[in-house]
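Comments concern the structure below.
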Amino acid sequence: MKSNMKQNEKTPLLNVKNLKVQFETDRGRVTAVDNVSFSVNPGEIVGIVGESGCGKSVMSQTILRLLEHTDPVIYDGQVMFRDIDILKMNLKDLHTLRGNDIAVIFQDPLTSLNPVYTVANQIEEVLILHKSMKKKQALSRTIELLELTGIPDPARCANQYPHELSGGMQQRVMIAMALACEPKLLIADEPTTALDVTIQAQILELIVDLNKKLGMAVLFISHDLGVVTKICDSVRVMYLGQIVEETSTEVLFTQPLHPYTIGLIRSIPRMEGERGKELYVIKGTVPSLFNVPEGCHFCTRCEWADQKCFTQEPPLTETGFDDHRVKCWHFREIACLDKGVGGRNE
Ligand SMILES: Nc1ncnc2c1ncn2[C@@H]1O[C@H](COP(=O)(O)OP(=O)(O)O)[C@@H](O)[C@H]1O
Ligand SMILES: [Mg+2]
1 MKSNMKQNEK TPLLNVKNLK VQFETDRGRV TAVDNVSFSV NPGEIVGIVG ESGCGKSVMS
61 QTILRLLEHT DPVIYDGQVM FRDIDILKMN LKDLHTLRGN DIAVIFQDPL TSLNPVYTVA
121 NQIEEVLILH KSMKKKQALS RTIELLELTG IPDPARCANQ YPHELSGGMQ QRVMIAMALA
181 CEPKLLIADE PTTALDVTIQ AQILELIVDL NKKLGMAVLF ISHDLGVVTK ICDSVRVMYL
241 GQIVEETSTE VLFTQPLHPY TIGLIRSIPR MEGERGKELY VIKGTVPSLF NVPEGCHFCT
301 RCEWADQKCF TQEPPLTETG FDDHRVKCWH FREIACLDKG VGGRNE
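Quick note, the sequence shown lines up with residues 1 to 346 if you use full-length UniProt numbering.
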C-alpha cells in the first residue's frame, strides 16, 4: 500500500515540537507525553506505535486539544499546523480547524456517532455547518461520501441509525463524516483495533486509497506494529510518553535498533519463519506514570540494561543514516550484532 507523498512537498503540515502533556492528579502531577517532536508532511502517512498506556491517545488528542474539556491538563511545547500553534489558538479558530483542516477517528465509532440521528442527518449537519451547503446538496454529498468509503448501498445506509450498522460499517460512516470537510490531515487513533482481520484490512485499504485520491495526510496510531508497517511511510515508536526510535518504515523493519522496537517486531504474529513458534512477548508491562524509571524509561524491561541505563536517560540520537534516531545507550552495540530482530542472549 503506502502513501502518495510527493518528494517536493516537504514543508510540514503538522509539526509537533517538544510536546509535553501533564495531568494534575490526586497523587500529584504526571507526565503522559514527554518532550515529543515529529512532523507530518502533506500527503504523508506517519505511524505512531507503542503498547497500551504509552501516551499515544493523550498525544493525538492534544493535537486537537480534546482533553482540556474533561481533564486538568498542562501543556508545554508547540503543535504547529502550518504556521499556527494550535496550543495557543483561541477557541473559535480551534473549532474551525477541527471541522475543516484536521479530522479525527477513534477506535470506537459510537463515541463519534450520535445514536438518535440517522447517518444522513449527522453527515449533513457537518456539511451544512462547515461547508455552508443547502440541505438538498448536503444529502447528495453525504451519499457520495458514503459511496467513497465503500458502503455497498449508500442511500439505504444514509437512512439508518448507527446501531443498525455492523462495526465495520460504523467505522466507514465515521470516516465519511471525517472526510466531509476534506481535511488536510486525518488523525486515526486505533481505527481498526475493534474490527476483525478482514474488515481491518478493508479499512486500512480505504485509508490508503483516500490518502492517494485526496492527498490527505494521515497520522496513524496503533499498538500493532504489523498494522502500522502495512500503510505508513515512516514510524515513531513510543514508550512511556517518549519517542524511542524513529525512521522510515523500511529501515525500522530491517534495522531496528531500540530493544523495545526489536521486542515489538518479534511480537508480531506469523513473521516469516516464525509459524508454529511460540509468540514472543516483551517481559513485564508498561509502568504507571507514578512509577517512571529514573534513567531510560525502558530499563526495567530491557535485557540490555546496565547501571548507566538505570540512572541516566539516553538522548534521542542520530544514527547517522536514513533519518534514523534512537534513544538507547546501547544502540551501536546492537547495530554491530547484525542479528536483525534477535535479542542479546540469542
Ligand atoms: N486524565 C488523565 N489523568 C491522568 N492520567 C491519564 C489521564 N489520561 C490518560 N492518562 C494516563 O496517560 C498514560 C497514557 O495514556 P494513553 O495516551 O491513553 O495511552 P495509549 O493511547 O498509548 O494506550 C496512561 O498511563 C494513562 O493512565
Ligand atoms: Mg489509546
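Note that the Cβ used here is the ideal one computed from N, Cα and C, for glycine as well.
Open item on the list: Comparing C-alpha positions only, which one of 138, 130, 237 sits nearest to residue 37?
Closed with: 237
Task: Assigned secondary structure, residue 249 (DSSP; H/G/I helix, E/B strand, else coil) - done: helix
Task: Cβ distance (whole Å) where residue 195 is taken to contact residue 168 below 8 Å - done: Contact flag correct, Cβ pair sits at about 6 Å.
TODO: Kindly indicate which residue of 332, 307, 312 has the alpha-carbon position closest to the one of residue 318.
DONE: Answer by Cα proximity: 332.
Open item on the list: Quick check: is any heavy atom of ligand 1 less than 8 Å from the C-beta of residue 297?
Closed with: In this structure, residue 297 has its beta carbon at no less than 8 Å from each heavy atom of ligand 1.
Task: Rounded separation between residue 280 and residue 269 - CA only - done: 9 Å
Task: heavy atom of ligand 2 below 8 Å from residue 288 C-beta - done: no
TODO: Using three-state DSSP, classify residue 278 as helix, strand or coil.
DONE: coil
Task: Segment contact, 8 Å Cβ cut-off, at least three pairs: the segment 166-183 with the segment 129-145 - done: yes
TODO: Compute the minimum distance between the beta carbon of residue 58 and the heavy atoms of ligand 1, and state whether it is under 8 Å.
DONE: yes
TODO: Go ahead and pull the three-state DSSP assignment for residue 133.
DONE: Here residue 133 sits in coil by DSSP.
Open item on the list: Give me, in chain order, the residues of the same chain whose beta-carbon lies closer than 7 Å to that of residue 330; leave out the 5 immediate sequence neighbours on both sides.
Closed with: 304
TODO: Taking the CB atoms as reference points, tell me whether residue 247 and residue 267 lie closer together than 9 Å.
DONE: no
- [ ] Examine ligand 2 and report whether any of its heavy atoms sits within less than 8 Å of the Cβ of residue 52.
- [x] yes
TODO: Could you pull out every residue in the same chain whose Cβ sits closer than 7 Å to the Cβ of residue 98, ignoring the five residues on either side in sequence?
DONE: The residues are 64.
Task: Anticipated Cβ contact below 8 Å, residue 284 with residue 34, distance rounded - done: At roughly 19 Å, the Cβ-Cβ gap does not stay under 8 Å, so residue 284 and residue 34 are not in contact.
Open item on the list: Here's a check: name, in chain order, each residue in its chain whose Cβ is nearer than 6 Å to the Cβ of residue 252, leaving out the five neighbours to either side.
Closed with: 235
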